[in-house]
Amino acid sequence: MTGPSTEGAVKGWCPSLLTPMESGDGLLVRVKPRAATLAAAQAEAVAQAARQYGNGMIEPTNRGHLQVRGLTDGTVEGFAAAMAGIGLAAATPEAEAVRNVLADPLGPDDPAARFDSHAVAHRLSAVLETDPAFHALPGKFGLLVDAGVALPLAGCTADIAIRADGDHLAVEPAGGDRALRLPEEAVEDAVCRLLAAFLAWRNGPEKAAAISSPRRMKAMVASCGTEAVFEAAGLNGPWLAKSGLPRAAARPQAGFSPVQGAAHGYFSVAVPFGSMEADDLTALARLSRRYADGTIRITPWKSLLLWGISPSDAAAVGEAVSDLGLVASPDDPRNRIVACAGRPHCAGGHAESRADAAFLAAAGLPGTGPVHVSGCAKGCAHPAPAAATLVATPDGYDLVSDGRAGDLPVATGLTREAAVALLAGAGTQLSDASGPGRGRGPGP
74 MTGPSTEGAV KGWCPSLLTP MESGDGLLVR VKPRAATLAA AQAEAVAQAA
124 RQYGNGMIEP TNRGHLQVRG LTDGTVEGFA AAMAGIGLAA ATPEAEAVRN
174 VLADPLGPDD PAARFDSHAV AHRLSAVLET DPAFHALPGK FGLLVDAGVA
224 LPLAGCTADI AIRADGDHLA VEPAGGDRAL RLPEEAVEDA VCRLLAAFLA
274 WRNGPEKAAA ISSPRRMKAM VASCGTEAVF EAAGLNGPWL AKSGLPRAAA
324 RPQAGFSPVQ GAAHGYFSVA VPFGSMEADD LTALARLSRR YADGTIRITP
374 WKSLLLWGIS PSDAAAVGEA VSDLGLVASP DDPRNRIVAC AGRPHCAGGH
424 AESRADAAFL AAAGLPGTGP VHVSGCAKGC AHPAPAAATL VATPDGYDLV
474 SDGRAGDLPV ATGLTREAAV ALLAGAGTQL SDASGPGRGR GPGP
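Our numbering puts the sequence shown at residues 74 to 517.
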């Protein structure tokens, strides 16, 4: 038995605000909030522009961006101009494409944070935008700045990560076995040196012959070794072993969470199956003005946060969020199901993934592990293994157990009703996927 076909599948294209991508429902673009934060007025403007220039569908991404769908050749410029007017666009397509800096959602509002991750993210973003030398970086190349203690960037990676280490910061290239330990004021220079070293290696004759198009920092580290990467950047320690860096194990649950040391907490609004309407974003902006600090924090977990919620207001916020059809409770069965856009929104989709995901959620499947509903074998919505993955094909759904969308299926040609019956029967055996998938499907 072979895995689902990936013939014709194209991965690696990374749309931005000024470089749209064609999809099944028109053009899609990505809006990049600065330091994980939208002011309520910005959120309302994004929602209005999504309605005016697109089809009103908004999708949080795993890079902390907002994807807006349904634009046309005649509306892209108007949407981009609207975003520029609220400070959410770089001056050129090249600058916008590389403005990829992910920050933890709470930033300086986390009482236990060792440094202001949002301030560092703003500075690094400004460097990427204004230095033309860095506009040659690949579109998927990204930085991560994480000072979170109450809400760290669980499970998130980047080409270069900056995290707290006591009263210093640790700068870690992807795939490396060590990080550089240095004071906050030296971080910007160190990151710039690493970026310059990566670009020199990527374009130089010394790159590994086996790597035809090295697009990420991990390829340089694999080819040269961590120490050589730092040496190429003119950075010579002190070092911190990778094992000494903190790694968060869990992402926030939907609903209200108190924050130790703060009088207020945050409310995590999960977006079911990764898609919301523009009107939902408008409503959340109004909720933030009424109950929170007037901002919306964008996370890489396809959820939005309202910060500054009083415990006494949590129930009212939860009721309002539920009324919108969004996820306001950790017990909501939609939390366990991940789905891509699917048909008709994605030209490569073989099924209406989100409608089928809603069908599965309503069925009340047993088990604790995640279920991934993928419109094709690319598995864009969840590149990691899942306890169960349903992969749409022209002949129905294939079921992959404890694997990725491209792995070998254990059943093929299923209707969604048959898939529910099969998953219900195997529910006690479904567990959180942590091991490698079967077969030779594509990796993350």
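In this text, a Cβ means the ideal position worked out from N, Cα and C, and glycines have one as well.
The model shown is predicted, which means the values in this text are computed figures rather than measured ones.
Check residue i in the structure and name its three-state DSSP category.
{"i": "residue 166", "result": "helix"}
{"i": "residue 112", "result": "strand"}
{"i": "residue 92", "result": "coil"}
{"i": "residue 385", "result": "helix"}
{"i": "residue 107", "result": "strand"}
{"i": "residue 409", "result": "helix"}
{"i": "residue 207", "result": "helix"}
{"i": "residue 394", "result": "helix"}
{"i": "residue 217", "result": "strand"}
{"i": "residue 345", "result": "helix"}
{"i": "residue 198", "result": "helix"}
{"i": "residue 400", "result": "strand"}
{"i": "residue 254", "result": "strand"}
{"i": "residue 487", "result": "strand"}
{"i": "residue 232", "result": "coil"}
{"i": "residue 238", "result": "strand"}
{"i": "residue 301", "result": "helix"}
{"i": "residue 269", "result": "helix"}
{"i": "residue 243", "result": "strand"}
{"i": "residue 99", "result": "strand"}
{"i": "residue 313", "result": "strand"}
{"i": "residue 283", "result": "Residue confidence for residue 283 is low, a pLDDT of 46 falling below 50, so the modelled location carries little weight; the figure read from the coordinates is stated next. If DSSP states are grouped into helix, strand and coil, residue 283 belongs with coil."}
{"i": "residue 498", "result": "helix"}
Compare the Cα-Cα distances from residue i to each of the options and report the closest residue.
{"i": "residue 38", "options": "370, 190 and 362", "result": "Only positions 74 to 517 of the chain appear in this structure, which leaves residue 38 out of reach."}
{"i": "residue 353", "options": "387, 396 and 368", "result": "396"}
{"i": "residue 339", "options": "363, 384, 297 and 139", "result": "384"}
{"i": "residue 475", "options": "359, 455, 467 and 488", "result": "455"}
{"i": "residue 182", "options": "382, 118 and 143", "result": "382"}
{"i": "residue 388", "options": "195, 364 and 356", "result": "364"}
{"i": "residue 263", "options": "233, 164 and 362", "result": "233"}
{"i": "residue 155", "options": "117, 134 and 131", "result": "117"}
{"i": "residue 478", "options": "402, 464, 390 and 128", "result": "464"}
{"i": "residue 143", "options": "103, 409, 299 and 425", "result": "103"}
{"i": "residue 351", "options": "96, 129 and 141", "result": "129"}
{"i": "residue 98", "options": "265, 146 and 242", "result": "146"}
{"i": "residue 366", "options": "224, 107, 450 and 179", "result": "179"}
{"i": "residue 224", "options": "293, 407, 164 and 109", "result": "109"}
{"i": "residue 402", "options": "202, 345, 216 and 273", "result": "345"}
{"i": "residue 149", "options": "194, 89, 203 and 242", "result": "89"}
{"i": "residue 390", "options": "374, 357 and 347", "result": "357"}
Would you report the Cα separation of residue i and residue j, rounded to the nearest angstrom?
{"i": "residue 221", "j": "residue 261", "result": "19 Å"}
{"i": "residue 162", "j": "residue 171", "result": "12 Å"}
{"i": "residue 328", "j": "residue 405", "result": "10 Å"}
{"i": "residue 257", "j": "residue 307", "result": "18 Å"}
{"i": "residue 420", "j": "residue 188", "result": "44 Å"}
{"i": "residue 101", "j": "residue 120", "result": "14 Å"}
{"i": "residue 169", "j": "residue 138", "result": "12 Å"}
{"i": "residue 467", "j": "residue 324", "result": "34 Å"}
{"i": "residue 248", "j": "residue 136", "result": "19 Å"}
{"i": "residue 227", "j": "residue 186", "result": "15 Å"}
{"i": "residue 211", "j": "residue 362", "result": "37 Å"}
{"i": "residue 337", "j": "residue 380", "result": "8 Å"}
{"i": "residue 488", "j": "residue 469", "result": "6 Å"}
{"i": "residue 255", "j": "residue 314", "result": "14 Å"}
{"i": "residue 334", "j": "residue 240", "result": "19 Å"}
{"i": "residue 514", "j": "residue 457", "result": "Here the model assigns residue 514 a pLDDT of 34, short of 50, so the residue's position is not dependable, and the following value carries that caveat. When rounded, the distance between both Cα atoms is 11 Å."}
{"i": "residue 349", "j": "residue 131", "result": "5 Å"}
{"i": "residue 283", "j": "residue 290", "result": "Reliability fails at residue 283, whose pLDDT of 46 lies under 50, so the model's placement of it is uncertain and no value is given."}
{"i": "residue 413", "j": "residue 422", "result": "9 Å"}
So, are the CB atoms of residue i and residue j less than 8 Å apart?
{"i": "residue 270", "j": "residue 305", "result": "yes"}
{"i": "residue 276", "j": "residue 214", "result": "no"}
{"i": "residue 495", "j": "residue 482", "result": "no"}
{"i": "residue 310", "j": "residue 253", "result": "yes"}
{"i": "residue 410", "j": "residue 434", "result": "yes"}
{"i": "residue 377", "j": "residue 133", "result": "yes"}
{"i": "residue 448", "j": "residue 415", "result": "yes"}
{"i": "residue 431", "j": "residue 444", "result": "no"}
{"i": "residue 272", "j": "residue 231", "result": "no"}
{"i": "residue 219", "j": "residue 196", "result": "no"}
{"i": "residue 107", "j": "residue 198", "result": "yes"}
{"i": "residue 251", "j": "residue 299", "result": "yes"}
{"i": "residue 166", "j": "residue 111", "result": "no"}
{"i": "residue 442", "j": "residue 461", "result": "yes"}
Sorry if obvious, but does the Cβ on residue i come closer than 7 Å to a heavy atom of the ligand GDP?
{"i": "residue 187", "result": "As for the ligand GDP, it is missing from this structure, which has no ligand bound."}
Would you say residue i lies against chain B (beta-carbon separation less than 8 Å)?
{"i": "residue 341", "result": "Given the protein chain composition of this structure (a single chain), no chain B is represented."}
Could you name each continuous alpha helix (DSSP H) segment of 4 residues or more that falls completely within the segment 350-379, going from the start of the chain to the end? 351-364
If you scan the segment 412-478 from start to end, which runs of the beta strand (DSSP E) of 3 or more residues do you find wholly inside it? 444-447, 459-466 and 469-476
My parser needs the alpha helix (DSSP H) runs of 4 or more residues fully inside the segment 126-194; what are they? 149-158 and 166-170
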